[in-house]
Amino acid sequence: MATLKPDVRAARRLVIKIGSALLVGAEGLKTDWLKALAEDVAEARARGCHVVLVSSGSIALGRRVLGLPLGALPLEQSQAAAAVGQIRLARAYEEVLAPHGVTTAQVLVTLEDTDDRRRYLNSRATMETLLSMGVVPIVNENDTVATDEIRFGDNDRLAAQIAVTVGADQLVLLSDVDGFYSANPKEDPTAIRFELVEKITPEIEAMAGDPISGLSKGGMKTKLLAAKTAVAGGCAMAIMEGSTPRPLSALAEGANCTWFLPEGDPQVARKRWIAAMKPRGEIFVDAGAVNALMSGKSLLPAGVTKVIGRFGRGEPVVIAGPDRAVLAKGLVRYTSDEARLIAGHRSADIAELLGYPGRAALVHRDDMAMG
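Okay, structure coming up:
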């Protein structure tokens, strides 16, 4: 039985990566193309799909405004161009999506935001809140402050990490090529485009050129790196040529592309990742909290009876019931000292107890692996 390709119209949570060349041309911003993309985004939102846009283009826009030359720029000029371009890029998205009743938000990230667990959880919580409120986040690497040491290096990999962070089930890379080929089609006329990649094997990796090292920038290598990240997190990924108007509609109607199939459900993959972590502490809860957790709810401070160990925000802890039986493992949203202070208290009392407002849940259900 043939494996079916994913249908972008069935996506529950969709991340779309947009490259600079699609957005910015010799005359500046490609407004007509962006307006057409906005129609696709609005249509997806109307279906109930959460949409995140990972957009390049800030440096390309800013360098035009500042009159900087083409080609590689010194770091400080690149950061200056990004600072000028980011505000224009955010405004452009706002202007094309607002007529459809879609609210946008700008989210700037660096590699440190995903490497540091506390910042990762904060980013995830912010994105989750935006999506739950119907907002379309416009994500970009924070090129105004990022140096080579703290850069993703390309927005393909950034988009894949964002897809995993928000638990997306589909990621679409709008590119200058219409899929993944067995060789470079510009150099080899016998190159074959893959409709579907069910598993990224060493043979598949070799087709992109040199072996994937994690250090490559640009081209098909980084798209495969992105695919490996996405599918491991339970997210299907498509590579397609994105310059056509309304590219998502074209994808749904059978445009050339390559789909990479996920290795399971994104939420299941995330729970598996949490379950594999080594706990840094233990949180004991009462019978009421046990019932709440078993029914799929988050752990609130009111149900906590005891906190053992020392841990920081975002670190893994074991959650156990009154009989010391392990109920779950989760990523805690407070330090061990803070957890002890708020244990047994209502969430409404957190601000008074800690001296600053905090999150209602000690461990959110999305950051918890039961059993």
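Per our numbering: the sequence shown = residues 168 to 538. Here a beta-carbon is modelled for each residue, glycine too, at the ideal position from N, C-alpha and C. Note that the structure is a prediction, hence the values are computed from the model and not measured.
Is the number of C-beta pairs between the stretch 259 to 270 and the stretch 203 to 211 that are closer than 8 Å three or more? Enough Cβ pairs lie closer than 8 Å, so yes.
Can at least three beta-carbon pairs, one atom from the stretch 414 to 430 and one from the stretch 474 to 493, be found at a separation below 8 Å? The stretch 414 to 430 is not in contact with the stretch 474 to 493.
Same chain only: Cβ atoms within 8 Å of Lys197, ignoring 5 sequence neighbours per side: Counting only residues of its own chain and dropping the five nearest sequence neighbours on each side, Lys197 has a CB closer than 8 Å to the CB of Leu189, Leu190 and Val191.
Between Pro468 and Ile441, which are expected to be in contact by the criterion C-beta below 8 Å, what is the C-beta distance as a whole number of angstroms? Between Pro468 and Ile441 the beta-carbon gap is near 20 Å, outside 8 Å, which marks them as no contact.
Give the secondary structure of Lys366 by DSSP, where H, G and I count as helix, E and B as strand, and everything else as coil. In this structure, Lys366 counts as coil in the three-state DSSP scheme.
By a C-beta neighbour count over all protein chains shown, 10 Å radius and 16 as the cutoff for buried, is Gln434 buried or exposed? Exposed, since its Cβ has fewer than 16 Cβ neighbours within 10 Å.
In the DSSP output, what is Tyr162 paired with across the bridge? Since the first residue of the chain shown is 168 and the last is 538, residue 162 is not available in this structure.
Simplified DSSP assignment, three categories, for Asn423: Coil.
Provide the residue span of the alpha helix (DSSP H) that contains Pro433, from first to last. Start and end: Pro433 to Ala442.
May I ask which residues mark the beginning and end of the beta strand (DSSP E) holding Val452? For Val452, the enclosing beta strand (DSSP E) covers residues Gly448 to Val452.
Which complete beta strand (DSSP E) runs does the stretch 470 to 514 hold, if anything under 3 residues is left out? Runs found: 471 to 476, 483 to 487 and 493 to 498.
Could you give the C-beta distance for Cys216 and Ala330, rounded to a whole number, given that I count them as a contact under 8 Å? About 14 Å; that fails the 8 Å criterion.
Test item: CB-CB of Leu341 and Met407 under 8 Å: A Cβ-Cβ contact shorter than 8 Å links Leu341 with Met407.
Do Arg180 and Val333 have their C-beta atoms within less than 8 Å of each other? Cβ atoms of Arg180 and Val333: closer than 8 Å.
Shortest alpha-carbon distance to Gln273 belongs to which of Cys424, Val221, Gln246 and Ser299? For Gln273, the nearest C-alpha among the options comes from Val221.
Does the beta-carbon of Thr293 have 16 or more other beta-carbons within 10 angstroms, so that it is buried, or is it exposed? Note on Thr293: under 16 other CB atoms within 10 angstroms of its CB, so exposed under the neighbour-count rule.
With distances taken Cα to Cα, identify the nearest neighbour of Val303 among Val219, Ala399 and Arg439. Of Val219, Ala399 and Arg439, the residue nearest in Cα terms is Val219.
Can you look up Asp377 in the DSSP assignment and give me helix, strand or coil? Low confidence applies here, because Asp377 scores a pLDDT of 49, under 50, leaving its location unreliable; read the following figure in that light. In the three-state scheme derived from DSSP, where H, G and I count as helix and E and B as strand, Asp377 is classed as coil.
To the nearest angstrom, how far is it from the Cα of Gly238 to the Cα of Gly386? Gly238 and Gly386 have their C-alpha atoms spaced approximately 17 Å apart.
Alpha carbon to alpha carbon, what distance is there between Leu298 and Arg437? A straight line joining the alpha-carbon of Arg437 with that of Leu298 spans about 18 Å.
Counted within 10 angstroms of its Cβ, other Cβ atoms place Leu171 as buried (16 or more) or exposed: Around the beta carbon of Leu171, fewer than 16 other beta carbons lie within 10 angstroms, which makes this residue exposed.
Per DSSP, what kind of secondary structure is His217 in: helix, strand or coil? DSSP, read as helix, strand or coil, puts His217 in strand.
Just tell me which of Glu365, Pro414 and Ile254 has its CA closest to the CA of Asp343. That would be Pro414, whose Cα lies nearest to the Cα of Asp343.
Delimiting residues of the beta strand (DSSP E) encompassing Ser342: For Ser342, the uninterrupted beta strand (DSSP E) segment begins and ends at Gln337 to Ser342.
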